[in-house]
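Protein chains in written order, with UniProt numbering: chain W, 1 to 237; chain U, 1 to 237; chain R, 1 to 237; chain P, 1 to 237; chain F, 1 to 237; chain E, 1 to 237.
To keep things clear, I will list the structure first and then write my remarks on it.
Protein chains: 6
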Amino acid sequence: MRPSGRAPDQMRPISIEPNFTRHAEGSVLVGFGDTKVLVTASLEERVPPFLRGKGEGWVTAEYGMLPRATHTRGSREAAKGKQSGRTQEIQRLIGRSLRSVVDMKLLGERQITLDCDVIQADGGTRTAAISGAWVALRLAVNTLLASGKLTVDPIVQKVAAVSCGIYQGTPVLDLDYVEDSGADADGNFVLLENGNIAEAQATAEHATYDEEALLRLLRLARIGCTEIFAAQDRAVK
Amino acid sequence: MRPSGRAPDQMRPISIEPNFTRHAEGSVLVGFGDTKVLVTASLEERVPPFLRGKGEGWVTAEYGMLPRATHTRGSREAAKGKQSGRTQEIQRLIGRSLRSVVDMKLLGERQITLDCDVIQADGGTRTAAISGAWVALRLAVNTLLASGKLTVDPIVQKVAAVSCGIYQGTPVLDLDYVEDSGADADGNFVLLENGNIAEAQATAEHATYDEEALLRLLRLARIGCTEIFAAQDRAVK
Amino acid sequence: MRPSGRAPDQMRPISIEPNFTRHAEGSVLVGFGDTKVLVTASLEERVPPFLRGKGEGWVTAEYGMLPRATHTRGSREAAKGKQSGRTQEIQRLIGRSLRSVVDMKLLGERQITLDCDVIQADGGTRTAAISGAWVALRLAVNTLLASGKLTVDPIVQKVAAVSCGIYQGTPVLDLDYVEDSGADADGNFVLLENGNIAEAQATAEHATYDEEALLRLLRLARIGCTEIFAAQDRAVK
Amino acid sequence: MRPSGRAPDQMRPISIEPNFTRHAEGSVLVGFGDTKVLVTASLEERVPPFLRGKGEGWVTAEYGMLPRATHTRGSREAAKGKQSGRTQEIQRLIGRSLRSVVDMKLLGERQITLDCDVIQADGGTRTAAISGAWVALRLAVNTLLASGKLTVDPIVQKVAAVSCGIYQGTPVLDLDYVEDSGADADGNFVLLENGNIAEAQATAEHATYDEEALLRLLRLARIGCTEIFAAQDRAVK
Amino acid sequence: MRPSGRAPDQMRPISIEPNFTRHAEGSVLVGFGDTKVLVTASLEERVPPFLRGKGEGWVTAEYGMLPRATHTRGSREAAKGKQSGRTQEIQRLIGRSLRSVVDMKLLGERQITLDCDVIQADGGTRTAAISGAWVALRLAVNTLLASGKLTVDPIVQKVAAVSCGIYQGTPVLDLDYVEDSGADADGNFVLLENGNIAEAQATAEHATYDEEALLRLLRLARIGCTEIFAAQDRAVK
Amino acid sequence: MRPSGRAPDQMRPISIEPNFTRHAEGSVLVGFGDTKVLVTASLEERVPPFLRGKGEGWVTAEYGMLPRATHTRGSREAAKGKQSGRTQEIQRLIGRSLRSVVDMKLLGERQITLDCDVIQADGGTRTAAISGAWVALRLAVNTLLASGKLTVDPIVQKVAAVSCGIYQGTPVLDLDYVEDSGADADGNFVLLENGNIAEAQATAEHATYDEEALLRLLRLARIGCTEIFAAQDRAVK
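Structure (structure tokens):
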């Protein structure tokens, strides 16, 4: 029995509110249950130094957690003067995930930065961020297409992510904070709509796991991502 | 004529949505027009080292701006590794303003931290933050009173803040970004409901000003704060 | 009765020793009683990136306090690896104050940096710094005029600053450390010789104040600045 | 055909030289082909603050790369003043991997730090580090057992790690630098001798991959780890 | 011929003004010609962690250069966020030099910090700092003796320092900035009044040197220090 | 009697293993007894900004100590976020020492960086580093000569370094850690093969010393460096 009463393969309610803020070229407030992440996509007509003059674009991400997004207040990374290893690991994952569905030559020499700021945390912030970031990116690219700056869509696929884990011996989908804290193992899966995998990660927290469990987590992730793809569709319509 | 069409002594619409997030002891989303600030009040049963054992509490504030709260993306302070002088100046102002209405002996040896994070910026973020922070603080202290941890209310007054400035020769209330960028002088006034002043600041940006102008800005601030006090009342009811 | 025995509207002795060091284009040791600040004006034939090619100059300031300028030793900011919020707030104020009396187009594409280093502190270091910085700036600009690099004086006014506050219920001028530590409210006023205001700031420390008090502080500041303007005149003669 | 001429399921020569340095409680120089990592295990009779008084131990890791371990010189992280996101991600992985095979209650209130410093890099530095770290940890724990400080062995399993990836369409084992730079996807697998998985990670670099590929990478990792377990056995004998 | 017209073994005028500032337990403004260093000695009734409970005191030093102490403005270390290697090397030298003449057991568990801040630089700032620091230390210890906190003087010797170098082939004493910039080799010698050496350093800048030259530099240093010891005597009388 | 049983003028065994790693243009593992330092020479076809366009090259050094090179683990400088004063002092010394034997005009506009990383420490790490760095530099320059990029050898001399000190009243050569910790005075001497001095430093640690002692230390250093020069010869053959 899950603490939330959900079935093992049941996602929390997914909400994706597009255009949550007005300055960004794309923005959403994405929610996986009580986890709420504001994602903005910012378009700049320049690329990082290592790409200059190559005719290719870049997609990158930054991640932050508001100090009181969590049950107890965490210290502000800007005040501490550095981003934690966890923050850097997450923002690298988000950037890689989104780049896996963008044709950089079609994007041209411009950069899109996805800022993912966690307003409220209840487990799965990085997967909510990836899933919402795809919508923010979609909205930002739509403005490029609408304005005629782009004529061919550089987004080649839909991408979504969800966490899965083994909680009290049972593989479950979309862990909330209580499950996440006590899980034997947990993982994050970043999937494309065509079924391909952009990233699979599964980590033993309190107990190692076998190959069968890894496959079961992946199957759960497929179930969850199907639901997220539908929510992304609704949000961009 | 103001760019927004407002009268010189007209505030933007004020919105204060209480309990915007669920983990903090107090939280609001405060809006002055398109300026939106999330304020959370976090209660901790400890005080900073300089106050330990003195039987007094502490109220402090931190301030941040999401990278794409603004028209063009700013860099993330956590990634740069330090808070700007502007950020530090603002968070010191917010902390001082709220402390001016709290009786620290009545609060007892506990600390309340007000995190003010700007979700969307259109001028006046620090004054919206102060005005919203009072509500978040009020909500947090209410939980202390409700739980019996406090029996006497340590909040002795209501406090609100608003910006005023001289725009194209005319003193105006509650500057938005367009006015703020072009103002000859601007200031921030932090007022108590009894009419007293907690902080008055007025700075020449493009032109110095005379005593008459200073008084006119203060009068405008009184008009604005009267409206904010009413909005605070509605939010905590 | 003030601890120093001064009358409420009495400044401490003002001393401004020009050319205190020899390398800087302008330098002074300014004293307000026991507060001693070394100010140097350094001229560079370049401007910050945001002004390049605009035909305008820039005036900026940095502020520091020697570790044992104070009653008990403070830690060295260079050793701690960052400037405090207080330091940044003060240096921003000094820079703004001096810029309010310089015509940047007349200055041309060059930058003058005012380094204000407190040798000994007894309250009012920022106002002594501003008042001395005007003289250092004046001396540096004089060398530009003397050398023919400038033919029209870009300094359009004299600027001075002084602190005022409410000490034991009485508004007093030019607070020393003892008064500053115990004041109910204190403020800093940056005034031009023509009577205009460049900056007015008044903060409740232990008690909020009313409009009448604000005006009284401003009147005291006018008295003090009149005396400072005379001292500036003597120093540059 | 692999650039090195190896078969797809062929490891590079594995070398594990125990006691490479003399001060550490455990130390090895581990080589996967031209990748050489010095790992030391340092024992301290204290635990981090979050574990004090709980009767449990801790195992953690730090990772570094000498500036000229690589083909072209990289900048020194100590000189830049911060560790990269990549460094932090790797040292978190190493620490988690080793903790998965240690019973912290049996270890008691002491900490073992595994310093993994890359002397020469040719792909797979993190997996060589994990594989060598187990031996360094084994040697350090042996000294505890020999001295009588521990009577029951807290190391419950052997752990090893290897990278796998899809290179020019073919899943291959133990990527060297040339393969790593050009792989479509690559991953790191941390396996226990009993076949269980401590960590599985597979990332699309230039092309996403399907479930079949993920399983094939895992099978290759099992082949590689079998060989590493044997090398670990030889090293600790 | 030296640029200043001095004889090879001629010091610049030495000035040591005691009690230059009023808060420090000891303070001097020391001048070697145009080099001016403010040194304060701050007494604290505590020692660094590594000495706690050992019944011994500590003497340490910090060094800084005001941004415009030099011919062209240097950046402020507090603003850059770190002390340069040169700064750290100098403050370590000053600390060691002063510790060489203090009996730490006699000092007891207290720390004296010597802050050496260069007001104006013209070569030899570290040697002027050491020479002045001895006087500041002497004054601070005198207050301990006068107050009865100490009954036996922990200062066992006088220490002074001077730079020497080989300028255009000739060994010269007390290099000024012009000589220092062009010297083939230069060195710093820290000597005790009894003739002993606390520190000898001589570095080839543009040309290596032989043993004879090293000895000649040491002889010059003895000449200079004799003069400095006399100036120290005058300052503390 | 020395703890190691060595005669006062006896070096520890010197080992210099060339080409210890494969990517660097020059590399050695240098050992003075149990002190082991890996030195790599990295060649870059660019110079620092202050030398651009001057037709001259640059030689610089960086120094690091692996956390468990020492008897007890030290913290990692990259994790602490800054290099200690000791580290910076040492790397400045290494750079100066090597520059003293290179003709920068002959080297041309290219930079050679000597990375000196201490694998195991037992006293004398900086002198081992300098002595080994000359060999790494020699190897790197040899590749330039072999490739025809240079036709005239820019290395004009051999340079070596050794520590000497006064241990229990006796001047001794090449201090190991036990001697170094307890020495009354110690020093580092950087000598050229022609007998000239590049750097002489001798510091009183627990007792000041006289001129005779300084000369004796220098004589010991000559004995040690003769042996090091021979080892350098063997390594580059």
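Using N, Cα and C, we set each Cβ at its ideal position, and we do this for glycine too.
Taking 8 Å as the upper bound for CB-CB distance, Asp117(P) and Leu66(P) are in contact here, some 7 Å apart. CA-to-CA, the gap between Ala136(U) and Ala41(U) works out to about 5 Å.
Taking the Cα positions, Val152(F) is about 10 Å away from Asp103(F). Residue-level contact by beta carbon holds for Ser42(E) and chain P, with a gap shorter than 8 Å. About 7 Å separates the beta carbons of Glu77(F) and Thr87(F), which is inside the 8 Å limit, making them a contact pair.
Nearest neighbour of Tyr63(U) by Cα position, chosen from Leu214(U), Ala146(U), Thr113(U), turns out to be Thr113(U). By alpha-carbon distance to Ala204(U), the top candidate from Ala24(R), Arg99(R), Gly53(R), Ala161(R) is Arg99(R). Closest in C-alpha terms to His23(E), from the list Arg2(P), Ala121(P), Val39(P), Ala7(P), comes Ala121(P).
Secondary structure of Ser84(P) (DSSP, three-state): coil.
The residue among Val159(E), Ala198(E), Leu175(E), Leu191(E) with its C-alpha nearest the C-alpha of Arg2(E) is Leu175(E). Contact with chain W is found for Glu199(P), since one of that chain's Cβ atoms lies less than 8 Å from the residue's Cβ. Rounded to the nearest whole angstrom, the C-alpha separation of Thr226(U) and Gln111(P) is 60 Å. In terms of beta-carbon proximity, Gly182(E) stays away from the interface with chain F, with every pair separated by 8 Å or more. Between the C-alpha atoms of Gly55(P) and Glu45(P) there is a straight-line separation of about 12 Å. For Pro18(R), no Cβ of chain F is located within less than 8 Å of the residue's own Cβ.
Here DSSP, grouped into helix, strand and coil, assigns Lys36(E) to strand.
For Glu89(P), the nearest CB of chain W lies under 8 Å from its own CB, placing it at the interface with that chain. DSSP places Gly165(P) in no alpha helix (DSSP H) but in the uninterrupted beta strand (DSSP E) bounded by 159-167. In the three-state reduction of the DSSP assignment, Val141(R) falls in the helix class.
What Thr70(W) touches in chain U, judged by beta-carbon distance under 9 Å, is His23, going in chain order.
Among the residues facing chain U, Glu193(R) is not included, as its CB has no counterpart in that chain under 8 Å away. Interface flag for Thr125(F) against chain R is unset, since no Cβ pair is found closer than 8 Å. The alpha-carbon separation between Ser15(P) and Glu211(W) amounts to approximately 28 Å. With its beta carbon at least 8 Å from every one in chain U, Arg138(W) lies outside the interface. Cβ-Cβ separation between Val172(E) and Pro8(E): approximately 5 Å, consistent with a contact (criterion under 8 Å). Note that the C-beta distance between Ser181(U) and Thr127(U) is not below 8 Å. Bridge partners of Asn188(R) according to DSSP: Ser163(R), Gln201(R). Residues of chain U with a Cβ closer than 9 Å to the Cβ of Lys105(W) do not exist, since the nearest Cβ in that chain sits about 24 Å away. Leu114(F): not part of any alpha helix (DSSP H); member of the beta strand (DSSP E) spanning 111-120, first to last residue. Taking the Cβ atoms as the reference, Gln201(R) lies roughly 16 Å from Gln91(U), outside the contact range of under 8 Å.
Leu29(W) and Ser97(W) have their C-alpha atoms roughly 19 Å apart. For Ser15(U), the enclosing beta strand (DSSP E) has its first and last residue at 14-18. As the crow flies, the alpha-carbon of Asp34(R) is around 15 Å from that of Ser131(R). Shown here, Met65(R) sits in a strand according to DSSP, grouped into three states. With respect to Val59(E), Leu192(E) sits apart: the two C-beta atoms are not nearer than 8 Å. Look at Val28(W) here: in three-state DSSP terms it is strand.
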